[in-house]
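**Q**
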Amino acid sequence: MKTLPDDNKGVRHQRFILNTGDGTLLVVHNIDLAPRLDGLQRGEKVAFAGEYISNKRGGLIHWTHHDPAHRHADGWLLYQGKRYQ
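Under the numbering used here, read the sequence shown as residues 117 to 201, first letter to last.
(1) Check for me: the beta strand (DSSP E) holding Q130 runs from which residue to which?
(2) Can you give me the Cβ contacts of R173 inside the same chain, cut-off strictly under 7 Å, excluding the 5 residues immediately before and after it?
(3) Excluding the 5 residues preceding and the 5 following H188 in the sequence, name in chain order all residues of the same chain whose CB lies nearer than 7 Å to its CB.
(4) By the three-class DSSP mapping on this structure, what secondary structure does G197 have?
(5) Assign H186 to buried or exposed, taking buried as 16 or more other Cβ atoms, counted over all protein chains shown, within 10 Å of its Cβ.
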């Protein structure tokens, strides 16, 4: 796992990369709708549910938060026993 700087343009997102063995997943977590994962360190494990978009490097996961409009399935991140949604 590798942390990246937050994307603060428009809707703010916390970003980090997870290694899958077959490639990588870029996790893009909306921190305007859900709490950020503070203290995230290289090598730690994060479980997730969200929307997957395939790309040549492996993929991207987003919608890792609740949907206040109830039009999309809620996603989440699980880190150190705490669910971020």
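Here a beta-carbon is modelled for each residue, glycine too, at the ideal position from N, C-alpha and C. If you're wondering where the values come from, they're calculated on a predicted model, not measured in any experiment.
**A** With the structure as the only source:
(1) 129-135
(2) G139, T140
(3) W179
(4) G197: coil per DSSP, three-state reduction.
(5) exposed
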